[in-house]
Amino acid sequence: MLGRAGSTTVTGGVVDEQARAEHARRMAGDHLDTTRLNRLCELTARLLSTGSAQISIVSDVLTVVGGAGASLPLVGTSSPASDSLCAVTMRSGTGLVVRNAAVDPLVSGLPPVVSGTVRSYLGVPLASGGHVVGALCAYGDDTRDWDETELSLLSLLAEAVTSELHLAVLEASYAEDRRIWQLAVDAGGVGAFDWDLTTGELRWDERLLALFGIDRESFGGTIEAFNEFVHPEDRERVAQALRGAVDTVGAFAAEYRIVLPDGRVRWVSARGQAYGEGGTATQLVGAAFDTTLVQEGEARVARILEAMPSAFFQLDDEWRFTYANAEADKILAPIGSGVVGEIIWELFPDAVGSPFEDNYRQAVRTGQPVQFEAYYPPPLDSWYEIRAWPTPDELSVYFLDVTERRRAQASLARSMERAALLAQVSDSLSDSFDTMQAVGRLAQLMVPRLAQWCLITLVDDADPLSDRNWRRHLRDIGYWHATEEGRAVVQAYGQDRIAALTDDSFVAQVLRTNAPVHVAANATPLVAAVLVEGPARDHYLTLAPESVLVLPVRGRGRTVGILTLGRDAGQGPFTAEEIGTLEEAAARAGLALDNARLYAEQRELAEGLQRSLLTAPPVQEGLQVAVRYEPAAEIAQVGGDWYDAFHQADGSTVVVIGDVVGHDTDAAAAMGQLRAMLRGIAVTTGDGPAEVLRRLDHAMPVLELDTTATCVMARFDATPEDPGTGTTRMRWSNAGHPPPMVALTGPDGGVSVEPLWSSSPDLLLGLDLETERSETVVTLPPGAIVLLYSDGLVERRGQSLGDGIEELRRSLRDLVSSGLDLEAMCDALLDHLLPLRREDDVAMVAVQLDR
Numbered sequence: 000m001l002g003r004a005g006s007t008t009v010t011g012g013v014v015d016e017q018a019r020a021e022h023a024r025r026m027a028g029d030h031l032d033t034t035r036l037n038r039l040c041e042l043t044a045r046l047l048s049t050g051s052a053q054i055s056i057v058s059d060v061l062t063v064v065g066g067a068g069a070s071l072p073l074v075g076t077s078s079p080a081s082d083s084l085c086a087v088t089m090r091s092g093t094g095l096v097v098r099n100a101a102v103d104p105l106v107s108g109l110p111p112v113v114s115g116t117v118r119s120y121l122g123v124p125l126a127s128g129g130h131v132v133g134a135l136c137a138y139g140d141d142t143r144d145w146d147e148t149e150l151s152l153l154s155l156l157a158e159a160v161t162s163e164l165h166l167a168v169l170e171a172s173y174a175e176d177r178r179i180w181q182l183a184v185d186a187g188g189v190g191a192f193d194w195d196l197t198t199g200e201l202r203w204d205e206r207l208l209a210l211f212g213i214d215r216e217s218f219g220g221t222i223e224a225f226n227e228f229v230h231p232e233d234r235e236r237v238a239q240a241l242r243g244a245v246d247t248v249g250a251f252a253a254e255y256r257i258v259l260p261d262g263r264v265r266w267v268s269a270r271g272q273a274y275g276e277g278g279t280a281t282q283l284v285g286a287a288f289d290t291t292l293v294q295e296g297e298a299r300v301a302r303i304l305e306a307m308p309s310a311f312f313q314l315d316d317e318w319r320f321t322y323a324n325a326e327a328d329k330i331l332a333p334i335g336s337g338v339v340g341e342i343i344w345e346l347f348p349d350a351v352g353s354p355f356e357d358n359y360r361q362a363v364r365t366g367q368p369v370q371f372e373a374y375y376p377p378p379l380d381s382w383y384e385i386r387a388w389p390t391p392d393e394l395s396v397y398f399l400d401v402t403e404r405r406r407a408q409a410s411l412a413r414s415m416e417r418a419a420l421l422a423q424v425s426d427s428l429s430d431s432f433d434t435m436q437a438v439g440r441l442a443q444l445m446v447p448r449l450a451q452w453c454l455i456t457l458v459d460d461a462d463p464l465s466d467r468n469w470r471r472h473l474r475d476i477g478y479w480h481a482t483e484e485g486r487a488v489v490q491a492y493g494q495d496r497i498a499a500l501t502d503d504s505f506v507a508q509v510l511r512t513n514a515p516v517h518v519a520a521n522a523t524p525l526v527a528a529v530l531v532e533g534p535a536r537d538h539y540l541t542l543a544p545e546s547v548l549v550l551p552v553r554g555r556g557r558t559v560g561i562l563t564l565g566r567d568a569g570q571g572p573f574t575a576e577e578i579g580t581l582e583e584a585a586a587r588a589g590l591a592l593d594n595a596r597l598y599a600e601q602r603e604l605a606e607g608l609q610r611s612l613l614t615a616p617p618v619q620e621g622l623q624v625a626v627r628y629e630p631a632a633e634i635a636q637v638g639g640d641w642y643d644a645f646h647q648a649d650g651s652t653v654v655v656i657g658d659v660v661g662h663d664t665d666a667a668a669a670m671g672q673l674r675a676m677l678r679g680i681a682v683t684t685g686d687g688p689a690e691v692l693r694r695l696d697h698a699m700p701v702l703e704l705d706t707t708a709t710c711v712m713a714r715f716d717a718t719p720e721d722p723g724t725g726t727t728r729m730r731w732s733n734a735g736h737p738p739p740m741v742a743l744t745g746p747d748g749g750v751s752v753e754p755l756w757s758s759s760p761d762l763l764l765g766l767d768l769e770t771e772r773s774e775t776v777v778t779l780p781p782g783a784i785v786l787l788y789s790d791g792l793v794e795r796r797g798q799s800l801g802d803g804i805e806e807l808r809r810s811l812r813d814l815v816s817s818g819l820d821l822e823a824m825c826d827a828l829l830d831h832l833l834p835l836r837r838e839d840d841v842a843m844v845a846v847q848l849d850r
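Numbering that gives the first Met the number 0 numbers the first residue of the sequence shown as 0 and each following residue consecutively.
Structure, rendered in C-alpha cells:
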C-alpha cells in the first residue's frame, strides 16, 4: 500500500504564508470557469473509478472551484480550511493517500470523514507561482488501496488543472490574447480516447493526436491503426491489457512506448474503463499522457542512487535482492561479491531474529516506513542506521554505517556518567559535616557502577610504614557490595583484613609507592597469597574477584586513605578511563580528608585559645551559675564573645556577658583585656554595674583599646529589707546588648518568660566617654532563672534579632516547664536554637535562685 507523502519544509514564516494566501485568493476569483474545472473533475473521477472528485483553492478559507459527484453541489462555496482533507493535502507538499479515513489519525476527525462522505481519498497539491495554492482530489465512500500509477495519473491531471487555473487568471488579465489560453491548455498534455467496441471506431481528441505526432486525416481511427504506433516490444503486452479490460468490463492500464512518424520513441501512460451491459463490453473510454520525462527521470534516479554516498538496496516480495547501489556493495563486501539475486536471510543469517528482520517484516506487514539502528556481528562488525520504505512489490532500504558515531556517543555517555559520578562525589563530601562518614559512604557511589565491591581505608599517619606495626595506622571506614548478601561478606572482610595484611600486600605496596596497583586478572589467588591465613583470607576467597584495583587516596602530598575495589569476571578488568575516574574521585576524597584533618587541628587550637580566656563559674550559696561557650564553625575563628562570673568583696555575685566587635585574633585579644579590666574594676571598687561600665568606658582609650563592645553586667545579692523572704535583688546595666531573659514559675506551676528591656538602652562600650550608664533593679523570687546570652544565640542570616529573641523566649519557657535542671536546660537550649553550621560564637550564662 502507498505510504503517506512526507511534509515539505516551509520557510519564511508569516510573510511567506501571507504571500501564498494572497496568490490563492487571486486564483479563486470570479473569473474562474467552473464548467471546465467540473469537466476535469468528471474526467478525474472516471479515470480513477471514484464516485467524486474536487478542486479546492485554499487561502484563509477553502473554496471549491470544481467538482464531480458529491462535490458538484459544493462548487462556488467556501468553508474553514481546517475542516478539509484538501488543506491537509496542500500542507503535505507532495500528496495524501488515505485507504480508510475513518481510522487514519491524520484525518479521522474532519467533518467529511465523520459524516461518512469520505472513506478513501487520493489528493495532490496544486502549485502556482512558487506557492501551493490548493489540491485536486478523488474520493469515495468506501475503503480502497491506491497504487503508484493512480497517484502519478492524478499528479498529471493536476498539471491540467493548474493549467486551467492559470488560463483563467490569464483570461481575466489578457482576455484579448487567446493564443496564451491555448498554450495553457496544451500544457496539461492529457488526451482522451473513445473506442466503440460495437463498430470498432476509435476516436482521439486533438491532444492525443498531437501526442502521437499525427493529424486527424492521417489517423485510421481503428485499434489496428493504434497498434501500428506501439513499439513492437510492447505491442503484445498492451493488447493483453486491452483484452483484459474488455473481457472483464473492467479497467485498463498500461505504460508503453510509441514510435512517432519521425522515428522518435515516446513513453505513454494510458488509463481507461470498459462499459457495457450483461457482462459484455460495448465501449472503452480513457486518457493517455506523455511519461517520457518520468521514464527518463527514473533513469536519472538510478544514476543518482549509484553516485550517492548512502547505501541503498531493494528487496522483492520473496526477500530477494533486486538492486544494490555501489555504496551498498562496498559496505557489504565482507559478506561476498554481489548481493543481487540472493535471499537476504540466507546471505545474512545473523539477521534472522534480530532487529533487522523484525523491522523489515513490520514495514511490509503494516505498509509503514521504519527507522532503526542495529548492530551486525562479524564479518561486518558494525552499527547501521536504517530507513526502510515498503511499496506494493518491494522494500526499499537506505542505510549508513554509524559505528564511529556510536563510538563517539558511547564515549560522550561515559564522559557524562563520569562527570555525574564525580559531581555526586563532591556533593556527598560537601553535604555532610562528618567528613569521615561522607568519605566512607563513597563506596556506595562506586558500586555497582565501577566495581562489584569496594572498601575505603583511612591512613592516619604521614609515613605509616616507618612504624614496625604500620597496620595500627589503618582503619576501614566504609564498604559496599552490589548484592545484599555480599555486603555482610565485605564488612566481615574489612573488620579482619588490616590485621591480616602482610608486608608484601598490595596495600603496603601502595603505601610505599603512592601509586595504584591493578591486578587485571586472576586476582583471587594473587591477593589471597599476600594475606595471613585466617578469617580475612576466607572472606576474601568468598568474594572471589577476578580483578582488583588498589588506589591511594592522596591529600596535599601524602596518602590519607586507600580505595580497594573488586570485580568479578563478568565486569572485566578496569579500563584506563575507569582508573582515571576513580583516581579523580580518590583525589577529591583525599582533599576532603586532609581538609577535615586541618580543620580539626585548627579548630582545636582556636577553641583551646578561646576557652583559656574563660573561667569556671563561682560557687555561691543560694544560687547556681551555669556557663556555656560554643565557637563558630569556621576554622580557627576565634572571636570576641565572652562570659564571666565572680564575687565582689561584699559577697555579691556578678555575671557578665559581652561581645567585642569582630571575629579574629584582634577581637579575641580585646575581649581578654576588657574582661580582665571589668573584673578588676568591679572587685576593687565594689561598684554597681552602671558605675563599673562607666569606668570601663574611660579605661578603654587610656589603654588604647580601639574597639567597641556590647555588654550586660548583672549583680545578685539578698534583699536587705527582709533577708528571710528568700528573694534576691538583681541590678543590671546594658551597653547595647540583647536583653536578659527572666523565667518565673508561679504557684500553679505555670512558667512565664520575659526579656528585661532597659527603659533607655545605653550605647556600646567605647563609643562615647561622656555617656551616662543607667542601672535597673528587679526583685526575683526563689527559683527564678536569669539567662544572659550573646547575639549568636538569637541572630543569624535570614532571621531578625526580634524573631530570634521571641524564639528564645518560647524555648526557654518550654524547657523550664519540663523540669530540667539548669545544666541540662542550657544544653537543650543550645541544641534547639543553634544550627548545625554556626556563623557566630555563642556565649551564655544562666543563674538560678534556690527555691
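Just so you know, even glycine gets a beta-carbon here, dropped at the ideal spot from N, CA and C. Because the structure is a prediction, the values reported are computed rather than measured.
So is residue i buried or exposed if we call it buried at 16+ other beta carbons inside 10 Å?
| i | result |
| --- | --- |
| VAL851 | Outside the shown range of the chain, which is 0 to 850, sits residue 851, and nothing can be said about it. |
| TYR274 | exposed |
| ARG852 | The question about residue 852 has no answer, for the chain in this structure spans 0 to 850. |
| THR737 | Sequence inspection shows Pro at residue 737; the Thr mentioned does not correspond to that position. Classification for PRO737: buried. |
| HIS697 | exposed |
| GLU317 | exposed |
| GLN647 | buried |
| GLN408 | exposed |
| ARG178 | With a pLDDT of 47 at ARG178, under the threshold of 50, the modelled position of that residue is not reliable, and no figure is offered here. |
| GLN181 | Only weak support exists for where GLN181 lies, its pLDDT of 45 falling under 50; the value from the coordinates is given anyway. Burial call: exposed. |
| MET415 | exposed |
| GLU254 | buried |
| THR290 | buried |
| ALA742 | buried |
| GLU888 | Absent from the model: residue 888. The displayed extent of the chain is 0 to 850, so no value can be given. |
Just to confirm the assignment, what range does the beta strand (DSSP E) spanning residue i have?
| i | result |
| --- | --- |
| ARG90 | ARG90 -> not in any beta strand (DSSP E); alpha helix (DSSP H) instead, spanning 84-91. |
| THR321 | 320-323 |
| ARG566 | 557-566 |
| ALA845 | 841-848 |
| GLU629 | 622-629 |
| GLY657 | 652-659 |
Over the uninterrupted alpha helix (DSSP H) stretch that includes residue i, give me the two end residues.
| i | result |
| --- | --- |
| ALA498 | 483-499 |
| GLN361 | 354-365 |
| VAL506 | 505-512 |
If the criterion is Cβ atoms closer than 8 Å, does the pair residue i and residue j meet it?
| i | j | result |
| --- | --- | --- |
| ARG98 | THR142 | yes |
| VAL531 | THR501 | yes |
| ARG730 | VAL776 | yes |
| VAL653 | ALA644 | yes |
| ALA327 | PHE192 | no |
| ASP767 | THR709 | no |
| ILE804 | ALA845 | no |
| PRO524 | LEU548 | no |
Using a Cβ-Cβ distance cut-off of 8 Å, determine whether residue i contacts chain B.
| i | result |
| --- | --- |
| ALA520 | As a matter of chain content, chain B is missing from the structure shown, which is built from one protein chain. |
Review point. Mind pulling the alpha helix (DSSP H) runs of 4 or more residues that sit fully within the region 684-722?
Key: The qualifying runs are 688-701.
Review point. Does the count of Cβ pairs from the region 473-491 and the region 438-455 closer than 8 Å reach three?
Key: Judged by Cβ distances under 8 Å, the region 473-491 makes contact with the region 438-455, as three or more pairs qualify.
Practice item. Specify whether the region 115-129 and the region 86-105 touch according to this definition: at least 3 beta carbon pairs, one from each stretch, less than 8 Å apart. Key: Inter-segment contact for the region 115-129 and the region 86-105 is present: three or more beta-carbon pairs are separated by less than 8 Å.
**Study point:** Contiguous alpha helix (DSSP H) assignments of at least 4 residues, all confined to the region 370-399
**Key:** As far as the region 370-399 is concerned, it has no whole alpha helix (DSSP H) run of at least 4 residues.
Review point. For the region 198-250, which segments carrying the beta strand (DSSP E) assignment without a break, of at least 3 residues, lie completely within its bounds, in sequence order?
Key: Secondary structure remark: continuous beta strand (DSSP E) runs of at least 3 residues inside the region 198-250, in chain order: 201-203.
Exercise for review: Determine, using beta-carbon pairs with one atom in the region 762-778 and one in the region 684-695, whether at least three such pairs fall under 8 Å.
Suggested key: Yes, they touch.
Exercise for review: Would you list, in sequence order, the uninterrupted beta strand (DSSP E) runs of no fewer than 3 residues that lie entirely inside the region 743-774?
Suggested key: Within the region 743-774, the runs of beta strand (DSSP E) at least 3 residues long that lie entirely inside it are, in chain order, 750-754.
Point to revise | Within the region 35-75, ranges of the beta strand (DSSP E) (whole runs, at least 3 residues) | key: Segments of the beta strand (DSSP E) lying fully in the region 35-75: 51-57, 60-67.
Exercise for review: Give a yes or no on contact between the region 455-464 and the region 483-492, applying the rule of three or more CB pairs nearer than 8 Å.
Suggested key: A contact between stretches requires three or more CB pairs, one per stretch, nearer than 8 Å, and the region 455-464 fails this requirement with the region 483-492.
Review point. Between the region 46-64 and the region 105-114, do three or more beta carbon pairs fall short of 8 Å?
Key: Cβ pair count under 8 Å is below three, so no.
Exercise for review: Take every Cβ of the region 133-142, pair it with every Cβ of the region 43-52, and state whether three or more of those distances are shorter than 8 Å.
Suggested key: The count of Cβ pairs closer than 8 Å, one atom from the region 133-142 and one from the region 43-52, reaches three, so the stretches are in contact.
Exercise for review: Decide if the region 159-170 is in contact with the region 30-40; the criterion is three or more beta carbon pairs, one per stretch, under 8 Å apart.
Suggested key: In short, these stretches touch, since the Cβ pair count reaches three.
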